[in-house]
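Residue numbers (numbering that gives the first Met the number 0): 0 to 66. In this text, a Cβ means the ideal position worked out from N, Cα and C, and glycines have one as well.
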Amino acid sequence: MLTVKLAAALPGIRVTAVDPGFTKTDLNRHAGTQTLEEGAAASVREALAGNEGETGTFVSAAGPVPW
């Protein structure tokens, strides 16, 4: 909901929520199924996309996730 509200409040700025997936970190005692680099890939992809594309969306490493 915050993503949708921010997208509406910030015209001209692309707002996207990103799910990095179950990533190996100290927080989960490295029980995740992917590396930090793999977990960061979706966030980096979205950050580099700039203002191109739909705003107010939710994405994972696999792509857009329906609300």
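Round the Cβ separation of residue 58 and residue 41 to the nearest angstrom and send it over; I've been treating them as touching at under 8 Å. Numbered from 1 along the sequence shown, position 59 holds the residue referred to as residue 58. Numbered from 1 along the sequence shown, position 42 holds the residue referred to as residue 41. With a contact defined as Cβ atoms closer than 8 Å, residue 58 and residue 41 qualify at about 6 Å.
Spatial distance of residue 48 from residue 63 (CA atoms): As a working mapping, residue 48 is identified with position 49 in the sequence shown. As a working mapping, residue 63 is identified with position 64 in the sequence shown. Straight across, the Cα-Cα distance linking residue 48 with residue 63 is about 14 Å.
Using the Cα positions of residue 30 and residue 61, report the straight-line distance between them to the nearest angstrom. For the purposes of this step, residue 30 is taken as residue 31 along the sequence shown, with counting starting at 1. For the purposes of this step, residue 61 is taken as residue 62 along the sequence shown, with counting starting at 1. Straight-line Cα distance between these residues: approximately 21 Å.
Are residue 3 and residue 52 closer than 8 Å when you measure CB to CB? In the sequence shown, counting from the first residue as 1, residue 3 sits at position 4. In the sequence shown, counting from the first residue as 1, residue 52 sits at position 53. No. Outside cutoff.
At what residues does the alpha helix (DSSP H) containing residue 3 begin and finish? As a position in the sequence shown, residue 3 is number 4, starting the count at 1. In the DSSP assignment, residue 3 falls within the alpha helix (DSSP H) that extends over 1 to 8.
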